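Engineer:
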Amino acid sequence: MRILGIDYGDKKIGLAFGDSTAHVAVPLEVIRNEGDVTIEALVRRMEEEDIDRVVVGVPLPQGNHSSVQLEKTRKFIATLAHAAPVPVAEEDESFTSVESVRLQQEFNAQADEDALAAMLIVQSYIDQDC
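Quick note on this note's numbering: the sequence shown kicks off at 6 and runs consecutively.
1) Can you tell me whether residue 96 is buried or exposed, with buried defined as 16 or more other CB within 10 angstroms of its CB?
2) Is the segment 20-31 touching the segment 84-95 in the sense that three or more CB pairs, one from each, lie closer than 8 Å?
3) What does a CB cutoff of less than 8 Å around residue 55 pick up in its chain, not counting 5 residues either side in sequence?
4) Does residue 24 come out as helix, strand or coil in the three-state DSSP assignment?
5) Is the beta carbon of residue 62 closer than 9 Å to that of residue 11?
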């Protein structure tokens, strides 16, 4: 299964690609969050890249996440799920930002922090659900 991972943010969105058959996820890029324009671009990307599922990181209200961000993320997920030609799933994104910074520092990862966070979200989903 080909999976598009999303680390949602108010201003930017990290993207990653995952393959459940190979059990691997890789960071892709970061795009600007421009509301409906972004939803349309993500749907086009799903179709062009033959994506089978989308996994969006959900900031559960613990640690440094607020319930306000959870509500914004769930609203994004609902909008995306309505427009997407494939199923959209949620995955706990706890500690992905901290871990992505660690990857950059310890392993000199060149990918953007948000794309790395999306990669970690997809990898967690693959490891648990596929």
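Built from N, CA and C at the ideal position, the CB exists for glycine as well. No experiment lies behind these values; they were computed from the predicted model shown.
Structural biologist: Taking the definition as stated:
1) Your numbering for residue 96 matches position 91 in the sequence shown. Buried, since its Cβ has 16 or more Cβ neighbours within 10 Å.
2) no
3) The residue labelled residue 55 in the question sits at position 50 within the sequence shown. Hits under 8 Å: 7.
4) Sequence index remark: in the sequence shown, residue 24 carries index 19 (1-based). Three-state DSSP puts residue 24 in a strand.
5) Taking the first residue of the sequence shown as 1, we reach residue 11 at position 6. Taking the first residue of the sequence shown as 1, we reach residue 62 at position 57. Yes. Within cutoff.
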